[in-house]
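First to last, the protein sequences are chains A and B.
So the numbering used here is basically just the index in the first sequence, starting at one, shifted up by 787.
So the numbering used here is basically just the index in the second sequence, starting at one, shifted up by 787.
Number of protein chains: 2
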Amino acid sequence: MKSYGQFCPLALASEIIGERWTPLVLRELMFGAARFNAIQRGVPRMSPTLLAQRLRMLQAAGIIERRRGEHSATEYGLTPAGAELAPVIEGLAVWGKSWLPASLSATEADPDLIMWDLHRRLDLDRMPPGRTVIRFGFSDQPPPKRYRWIVRAAEGVQLCISDPGFEVDLFVETDSRTITWVWYGDISLKKALAEGAITLDGPRRLRATFPSWLLLSPLAAVPRNLPPTAR
Amino acid sequence: MKSYGQFCPLALASEIIGERWTPLVLRELMFGAARFNAIQRGVPRMSPTLLAQRLRMLQAAGIIERRRGEHSATEYGLTPAGAELAPVIEGLAVWGKSWLPASLSATEADPDLIMWDLHRRLDLDRMPPGRTVIRFGFSDQPPPKRYRWIVRAAEGVQLCISDPGFEVDLFVETDSRTITWVWYGDISLKKALAEGAITLDGPRRLRATFPSWLLLSPLAAVPRNLPPTAR
DNA sequence: CGGTATCCCCCGCGATACTG
DNA sequence: CAGTATCGCGGGGGATACCG
């Protein structure tokens, strides 16, 4: 991005934060994504070339750092400067939820976006111990995105794009718009279940505790000043 | 700007705030600039076409509103949504001051940028009553920008690009880099005066009270985590 | 004063393919 | 897994002139 030619700290900051995709990349890092491919799953429409470019830029600006993680894999993490940016990004997100009209178009209702966020926010302590496999079905989606699996095991939680082969413990059936509205707090999970917009199939205990370990977006509690439209 | 295709409130907010020049335009509005030309003086390198376009966009997004002011002049102001954006913008500015390297190139040391900010932050109550004319001289600037005048009168404060004709009460002689560093708090005004980087010529009383009514940037008090370079 | 109209350039970005 | 390489285009925005 071309410089503003101003010494003003806001101008300098905007040259970095104002670049396309950068706030969303930072969001992924702030949610704990460390690996290139993990970051990319949060911004799937960003080309790898551009993501690499942004990561280099953020590193040069002292906002993130590259590390060698386990198995000498490349990992990215926030520097102290980057960490102090988190409240600003969060403030922007809260403002967006408060004040921007929320209409949900088809492309914005990509269930993978929600599933990616959702699977790393599960409250593992409230889930049953041992391996748990949950299959999410999205009735409005064509075959390639029709089903997603969350596998919770001792190693951690994984989101699978294709059938992992394990026996499914809980079947969740919904559609991409419902899961999106629920995730962002525009419909309560309770209401979605009551209305049948989300249905559960599996052991009674798992069904009953479902709302306790399926955590919603951190923004779910932020009220909207404009009512959501286009449900 | 092309949509991110995400429903995430951060993505939606970034589509607006992330557009080129938009944060700086908002900054002007937050500092109280209401008229088109007043806004433009804070972002002089932005073309009028683009400014008009951004103002329209911000209005459509519900962030600013157009009003008819005195003499049916067009005025812009923040809506409640816009007002709630102020802390976010301010947070970004504070972060920039804290963490971004501050090197001052020639184009960034435009004294007009500082004078425009500075003239609307004068503490009028601490200035002598009645008309006061101050001429700022920038020793490093070629003729068209060599001098600027601030005229404080009953009607308010005005920044003049050419000699307004009144007798000058106080002559301030400095250079564009010094005034910029001082404005942003990287050199104390006291030190700049002591070192002769700023010299005053005028009545003793006006000289003595100068540091009390020449207020600095709101960011002046924010410490830098990286030391400023290229003084 | 408060903007439009117009033109054109350039480069940011998207898409796709490929590699150590 | 973690990125490069390459190409082509679209349109954002810079510059300048002009208008009500």
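Here a beta-carbon is modelled for each residue, glycine too, at the ideal position from N, C-alpha and C.
Quick caveat, the model's predicted, so the values are computed rather than measured.
Within the segment 891–906 of chain B, the residues whose Cβ lies closer than 9 Å to some Cβ of chain A are L891, S892, T894, E895, A896, D897, L900, I901 and D904, listed in chain order.
Beyond the five residues adjoining it in sequence on each side, A:M902 comes within less than 7 Å, by CB distance, of F923, R935 and L946 in the same chain, given in chain order. Interface annotation, A:V875: in contact with chain B, CB-CB separation under 8 Å. The beta carbon of B:I985 lies closer than 8 Å to those of V959, E960, T961, T965, I966, V969, L976 and A979 in the same chain, with the five residues before and after it left out. By the C-beta density criterion, B:E806 is buried, having at least 16 other C-beta atoms within 10 angstroms. Per DSSP, the unbroken alpha helix (DSSP H) holding B:W970 starts and ends at S963 to W970.
DSSP assignment within the segment 825–871 of chain B yields the following whole alpha helix (DSSP H) runs of 4 residues or more, N-terminal first: 835–847.
Taking a cut-off of 8 Å on C-beta distances, the segment 949–957 of chain B touches the segment 987–996 of chain B, as three or more cross pairs fall below it.
Per DSSP, A:T986 is one residue of the beta strand (DSSP E) stretching across T986 to D988.
In the pairwise beta carbon analysis, the segment 909–917 of chain A is classified as not touching the segment 819–837 of chain B: fewer than three pairs are separated by under 8 Å. In this structure, B:L1006 and B:K884 form a Cβ contact; the two beta carbons are roughly 5 Å apart against a cut-off of 8 Å. Counting along the chain, the unbroken beta strand (DSSP E) around A:V944 starts and ends at G943 to C947. Interface with chain A (8 Å Cβ-Cβ cutoff): B:S975 is excluded. The segment 882–901 of chain B and the segment 791–807 of chain A touch, with no fewer than 3 CB-CB distances between them shorter than 8 Å. Closer than 8 Å to the CB of B:Y863 there is not a single CB belonging to chain A.
Nearest neighbour of A:L813 by Cα position, chosen from A:L865, A:I937 and A:L837, turns out to be A:L865. The beta-carbon of A:S801 is placed less than 8 Å from the nearest beta-carbon of chain B. Counting only Cβ-Cβ distances below 8 Å, B:K884 has contacts in chain A at P796, in chain order. In the three-state reduction of the DSSP assignment, B:A820 falls in the coil class, being assigned neither a helical nor a strand state. For A:I937, the enclosing beta strand (DSSP E) covers residues Y934 to A940. About 19 Å separates the beta carbon of B:L1003 from that of B:G983, a gap too long to meet the 8 Å contact definition. Closest option to A:S926, judged by alpha-carbon separation, among A:C795, A:R907, A:R1011 and A:D897: A:D897.
For B:I974, no beta strand (DSSP E) run applies, since DSSP gives it neither H nor E. The C-alpha of A:F794 lies about 35 Å from the C-alpha of A:P831.
In the DSSP assignment, the residues bridged to B:T919 are B:R939.
DSSP, reduced to helix, strand and coil, places B:E806 outside both helices and strands of the structure shown, so it counts as coil.
Taking a Cβ-Cβ threshold of 8 Å, none of the residues of chain A is close to B:E815; the smallest such distance is about 11 Å. Neighbours of B:G792 across chain A, judged by C-beta separation under 7 Å: R832, T894 and E895. DSSP places B:T996 in the uninterrupted alpha helix (DSSP H) bounded by R991 to W1000.
Distance from the CA of B:A839 to the CA of B:G917, rounded to the nearest whole angstrom, comes to 37 Å.
When DSSP states are grouped into helix, strand and coil, B:S885 belongs to the helix group. Annotated three-state conformation of B:V812 is helix, per DSSP. Straight through space, the alpha carbons of A:I804 and A:I826 are spaced by roughly 17 Å.
Taking every protein chain shown into account, the CB of B:R853 has fewer than 16 other CB atoms within 10 angstroms, so this residue is exposed. As computed with DSSP, B:L957 is found in a beta bridge with B:I921.
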